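As given, the protein sequences belong to chains X, V and R, one line each in that order. Going by this note's numbering, the residue at position 163 of the first sequence is 188; the numbering climbs one at a time, nothing skipped. Going by this note's numbering, the residue at position 96 of the second sequence is 121; the numbering climbs one at a time, nothing skipped. Going by this note's numbering, the residue at position 30 of the third sequence is 55; the numbering climbs one at a time, nothing skipped. Ideal Cβ placement from N, Cα and C applies to all residues, glycine included. Small disclaimer: the values here were computed from a predicted structure and weren't measured. Below is one structure, written out as structure tokens; comments come after it.
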Amino acid sequence: MNLITLIDFTGTFVFAISGMLIAIDKKFDLFGVIILGVVTAIGGGTLRDVLIGSTPVSWMQNETYFYIILSGLPICYFFNTSIHSLRKGIFLFDTLGIGLFTILGLKKTLEFGLSPSIAITMGIVSAVFGGVIRDVLANEIPLIFRKEIYAFACLFGAIVYLATRLILPEPIAMLISILSVILIRILSIKRNWTLAFHPH
Amino acid sequence: MNLITLIDFTGTFVFAISGMLIAIDKKFDLFGVIILGVVTAIGGGTLRDVLIGSTPVSWMQNETYFYIILSGLPICYFFNTSIHSLRKGIFLFDTLGIGLFTILGLKKTLEFGLSPSIAITMGIVSAVFGGVIRDVLANEIPLIFRKEIYAFACLFGAIVYLATRLILPEPIAMLISILSVILIRILSIKRNWTLAFHPH
Amino acid sequence: MNLITLIDFTGTFVFAISGMLIAIDKKFDLFGVIILGVVTAIGGGTLRDVLIGSTPVSWMQNETYFYIILSGLPICYFFNTSIHSLRKGIFLFDTLGIGLFTILGLKKTLEFGLSPSIAITMGIVSAVFGGVIRDVLANEIPLIFRKEIYAFACLFGAIVYLATRLILPEPIAMLISILSVILIRILSIKRNWTLAFHPH
Numbered sequence: 026m027n028l029i030t031l032i033d034f035t036g037t038f039v040f041a042i043s044g045m046l047i048a049i050d051k052k053f054d055l056f057g058v059i060i061l062g063v064v065t066a067i068g069g070g071t072l073r074d075v076l077i078g079s080t081p082v083s084w085m086q087n088e089t090y091f092y093i094i095l096s097g098l099p100i101c102y103f104f105n106t107s108i109h110s111l112r113k114g115i116f117l118f119d120t121l122g123i124g125l126f127t128i129l130g131l132k133k134t135l136e137f138g139l140s141p142s143i144a145i146t147m148g149i150v151s152a153v154f155g156g157v158i159r160d161v162l163a164n165e166i167p168l169i170f171r172k173e174i175y176a177f178a179c180l181f182g183a184i185v186y187l188a189t190r191l192i193l194p195e196p197i198a199m200l201i202s203i204l205s206v207i208l209i210r211i212l213s214i215k216r217n218w219t220l221a222f223h224p225h
Numbered sequence: 026m027n028l029i030t031l032i033d034f035t036g037t038f039v040f041a042i043s044g045m046l047i048a049i050d051k052k053f054d055l056f057g058v059i060i061l062g063v064v065t066a067i068g069g070g071t072l073r074d075v076l077i078g079s080t081p082v083s084w085m086q087n088e089t090y091f092y093i094i095l096s097g098l099p100i101c102y103f104f105n106t107s108i109h110s111l112r113k114g115i116f117l118f119d120t121l122g123i124g125l126f127t128i129l130g131l132k133k134t135l136e137f138g139l140s141p142s143i144a145i146t147m148g149i150v151s152a153v154f155g156g157v158i159r160d161v162l163a164n165e166i167p168l169i170f171r172k173e174i175y176a177f178a179c180l181f182g183a184i185v186y187l188a189t190r191l192i193l194p195e196p197i198a199m200l201i202s203i204l205s206v207i208l209i210r211i212l213s214i215k216r217n218w219t220l221a222f223h224p225h
Numbered sequence: 026m027n028l029i030t031l032i033d034f035t036g037t038f039v040f041a042i043s044g045m046l047i048a049i050d051k052k053f054d055l056f057g058v059i060i061l062g063v064v065t066a067i068g069g070g071t072l073r074d075v076l077i078g079s080t081p082v083s084w085m086q087n088e089t090y091f092y093i094i095l096s097g098l099p100i101c102y103f104f105n106t107s108i109h110s111l112r113k114g115i116f117l118f119d120t121l122g123i124g125l126f127t128i129l130g131l132k133k134t135l136e137f138g139l140s141p142s143i144a145i146t147m148g149i150v151s152a153v154f155g156g157v158i159r160d161v162l163a164n165e166i167p168l169i170f171r172k173e174i175y176a177f178a179c180l181f182g183a184i185v186y187l188a189t190r191l192i193l194p195e196p197i198a199m200l201i202s203i204l205s206v207i208l209i210r211i212l213s214i215k216r217n218w219t220l221a222f223h224p225h
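Now the structure itself:
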């Protein structure tokens, strides 16, 4: 298992936990908790695959994703309270996850022969739409429509990747672009950046 | 018309009615009532088809589904009040419907060369996601995330089918597995089983 | 650029504005405003493409749509208040847009070898589901489920198109059917037609 797979699995796991915690909060039953975990973890990549026409969608080819998501269930059961105090750790994995999901989504879209700007869009979709579907199913306005620089960090990382891979080897370009996502997200929180839109 | 088609059409009809009744309750207009009926009846199978890559989706090949769904409209119009007192009959058809939708969805997914666990998942998706989309469009938290053993009955029936068809003829395996779904659902209601998830 | 493209682009632009205005109303941030604009403008056609199996979906082939949608952003920023007083102009473009989206969606579905009644359905889906997804993401009950003769105007125009193109040249049939959509919608508002559904 190489480093990319490791981060991919970690991202999936963290996204699943984030869905399950919301489901628990809303008093969903066991099935609802699992569904929200699954949808959050794979929703973005699934939407990307459906839109670019890569079906059967990717998680159908590899059941490991399922076991990873389900492994979040006992974690949420036994450590529900402690997880909330682990916010910093989760934040890091989550940011790693969206960084990687962005770049992987972008690469896959380019491989389908689509243009760089569509690839950037699909990278962002891969990273953020799991959370959007999660919030819709939980009957909430999607968090990312109102809070912090989340999608913008993905956009920035995607552009950095397209630029750096022209002059640097692939793995270095990936590393730099994922680090850019993390950097933008941390900076945006430390400095309290927002993208509030207040029309005249 | 064989028995499977008959149950399939009955399931479609009952699902359509369940969507229309919610739309009437929410004071949707004629168009809203039709849309909610359609989406509830075909939403689960449509999502399955899109995810496994079976497009154009199945109801586009056979317009009978449409006429069956639309026939629910006069029923809802004239018997709106009586339907509510027919809950037992609806419950039976609905349970027959999810049982059959689960097995049909599972079989179709296997025919696409996907693994048994993906097929089980797609069987459950076929049976329950029509209701999930219905509730999202009606701006409610999906019922099945909080109430009774619904998806679990589908899961149980799907596993029974995969096991029994190894040793029994196809029609017998289908019959036994659909009966299992009904059995689990009736038992769960009689004995008040729940899958409440209360973390530490 | 021919007339069809011009109306298509105009429709896209007006739909994007309608999504952005709702996002601003709900205090979404810049990213949320863009997403809601995009989803409203291309959601219906995207759903149609996914259901009939035309992937990668159409806007991935032509980036002009993106630039048109994004150009709505400064308009919403600088003229947010004035737009509300321009309701009549918007209404006209919006009605032109749904008329054209209906006919274009219908034609594309027929080209995929699907039946006329499926093509009519996909025409309506193309025209109205962008607004449905917009309202779901904004956590509202979709407007078109409760208000005015919107989808019905599309249905009427679609039938007119299928009938007239049998006896008239294509461009004339398109023109007449789009005008029918506009006519029905204006009549329905002037005469206060509704499709309220009040069961016994």
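Chain X within 8 Å of residue i, Cβ atoms only
i	result
V/V161	yes
R/Y90	no
R/M85	yes
V/L61	no
R/Y102	yes
R/I201	no
V/I169	yes
Cutoff 8 Å; reference residue i; Cβ partners in own chain excluding five residues on either side
i	result
X/T120	A178, V206, I207, R210 and I211
R/V64	G44, G155, I158, R159 and L162
R/F181	S205, V206 and I209
V/P141	L135 and L187
X/I197	T189
Integer Cβ distance of residue i from residue j, believed to fall under 8 Å
i	j	result
V/I174	V/L220	6 Å
R/I201	R/G124	Not really, about 11 Å apart at Cβ, beyond 8 Å.
R/I128	R/M199	6 Å
V/A183	V/G138	Their Cβ separation, rounded to whole angstroms, is 18 Å, which puts V/A183 and V/G138 out of contact at 8 Å.
R/A152	R/G69	6 Å
X/G97	X/I42	5 Å
V/P224	X/N87	The pair is not a contact, with the Cβ atoms about 28 Å apart (cut-off 8 Å).
X/V58	V/F222	5 Å
Any chain R beta carbon closer than 8 Å to residue i
i	result
X/N164	yes
V/T80	yes
V/L55	yes
X/L31	no
V/I197	no
V/T71	yes
Which residues DSSP lists as bridging residue i, in chain order
i	result
V/A221	X/D54
Proximity test, Cβ basis, 8 Å: residue i and chain V
i	result
X/F177	no
R/F214	Checking the sequence shown, residue 214 of chain R turns out to be Ile, not Phe. So no, R/I214 is outside the interface.
R/I143	yes
X/K172	no
R/I207	no
R/V185	no
R/V75	yes
R/T219	yes
Backbone CA spacing between residue i and residue j [nearest angstrom]
i	j	result
V/K52	R/K172	10 Å
X/V82	V/R216	39 Å
V/N164	V/I67	19 Å
V/V39	V/F118	7 Å
R/G62	R/L46	8 Å
X/V75	X/L131	14 Å
V/P194	V/I29	15 Å
V/P99	V/F56	14 Å
V/I169	V/A176	7 Å
V/C101	V/I60	14 Å
X/A48	X/F91	18 Å
R/W218	V/D54	12 Å
R/W84	V/T37	33 Å
V/F103	R/T89	50 Å
Chain-order list of residues whose beta-carbon lies under 7 Å from that of residue i (same chain, five-residue window excluded)
i	result
X/L72	V150 and F154
R/I32	L121 and L125
X/D50	none
6 Å Cβ shell around residue i - same chain, five flanking residues per side excluded
i	result
X/F34	I93
X/P167	V157 and D160
Check distances from the C-beta atoms of the region 112-141 of chain V to those of chain C and list, in chain order, the residues that come in under 8 Å. Looking at the structure shown, chain C is missing, and the protein chains on hand are X, V and R.
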